[in-house]
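Student: Pasting a structure below so you can have a look.
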Amino acid sequence: MSTISPVASAELNAEAAKHDLVFLDSPMSGGITGAHAGTLTFMVGGEAEQYEHAKQVLAGMGKNFFHCGKAGSGEIAKLVNNLILGINMIAASEGLAIGEKLGMDPKVLCQICEVSTSRSWVMDTYNPRPGNKEASPASRNYEGGFQVGLIKKDLALALEAAQHGDANTEFTEKAIDYYRDLEKKGFGQRDFGFVFQYIFKNKKL
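Going by the numbering used here, the residue at position 184 of the sequence shown is 188; the numbering climbs one at a time, nothing skipped.
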């Protein structure tokens with residue numbers, strides 16, 4: 005269930021088969037709240053028959069299940085998801101910071117964005133501005149969420165994987181710099197929504 009390299013997952017799958025074992029990459033999404041509620045989303049790579057068997061176990065932890073294809077494809081889906089998430093968090097933080105600095109009430113701005121075309125999970129559930137969403141780690145001093153160090157790790161894995169597909173990664177490269185800098189400043193264990201503070205304070209933490 006770890007988020008690791010798709011190439012490594014495929015190699016582990018092949019090595020397991022040599023010993024009559026089954027290895028499936030089955031990373032999940034949904035965060036701490038999804039884990040507690042048993043509503044995680046699982047992205048599984050491997051043979052279809054093996055996936056159907058494993059789903060019986062995963063059903064105790066999740067709600068949504070996807071067979072992504074061959075071994076390693078579950079990791080591809082997870083890395084793409086977290087790539088979008090990491091960039092989206094920075095975009096949302098920048099927009100919210102601009103609005104607040106220009107005098108907009110942050111809660112009203114949040115309410116507008118979560119029902120408008122900028123709506124996203126980052127905006128309506130995991131909002132990075134303290135006080136906008138009670139259940140968000142931002143309202144708990146950025147504790148108990150998805151750590152800066154982890155999103156940085158996943159973006160690095162996405163960049164590595166992208167090299168195998170000759171894909172453009174311009175925004176990912178810019179985004180990872182934000183999280184790398186936060187980690188260097190000692191904030192690697194804070195929830196990655198802490199990037200809002202980094203942006204709001206003009207990188208002067």
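C-beta: ideal position from N, C-alpha, C; glycine also.
None of these values were measured; they are calculated from a predicted model.
According to DSSP, residue 35 sits in a beta bridge with which residue or residues?
Tutor: In DSSP, residue 35 forms no bridge with anything.
Student: Mind checking whether residue 90 and residue 179 have CB atoms under 8 Å apart?
Tutor: Yes, they are a contact pair.
Student: Short check: CB of residue 94 to CB of residue 182, under 8 Å?
Tutor: Yes.
Student: Where do the ends of the alpha helix (DSSP H) carrying residue 11 lie?
Tutor: 10–22 is the span of the alpha helix (DSSP H), which, as asked, contains residue 11.
Student: Secondary structure at residue 45, three-state DSSP: helix, strand or coil?
Tutor: Strand.
Student: Measure the CB-CB distance between residue 7 and residue 161 and report whether it falls below 8 Å.
Tutor: Yes.
Student: May I have a chain-ordered list of the alpha helix (DSSP H) segments no shorter than 4 residues that lie completely inside the region 174–199?
Tutor: You should have 174–188.
Student: Mind reading off the beta-carbon distance from residue 158 to residue 206? Whole number of angstroms is fine, and I expect it under 8 Å.
Tutor: That belief does not hold up - the Cβ atoms of residue 158 and residue 206 are roughly 26 Å apart, past 8 Å.
Student: Between the Cα of residue 24 and the Cα atoms of 121, 31, 16, which residue gives the shortest distance?
Tutor: Selected option, being the one with the closest Cα: 16.
Student: Sort 61, 115, 128 by Cα distance to residue 92 and report the nearest one.
Tutor: Per the Cα distances, 128.
Student: Whole angstroms are fine: how far does the CA of residue 54 sit from the CA of residue 114?
Tutor: Near 43 Å, if we compare the C-alpha coordinates of residue 54 and residue 114.
Student: Do residue 32 and residue 66 have their C-beta atoms closer together than 8 Å?
Tutor: Yes.
Student: Determine which residues share a DSSP beta bridge with residue 68 and list them.
Tutor: Its beta-bridge partners are 45.
Student: Would you grab the beta carbon distance between residue 141 and residue 195 for me? Rounded to a whole angstrom, and I think it's under 8 Å.
Tutor: At roughly 4 Å, the Cβ-Cβ gap stays under 8 Å, so residue 141 and residue 195 are in contact.
Student: What number of angstroms, rounded off, separates the C-alpha of residue 132 from the C-alpha of residue 172?
Tutor: Their Cα atoms are separated by approximately 27 Å.
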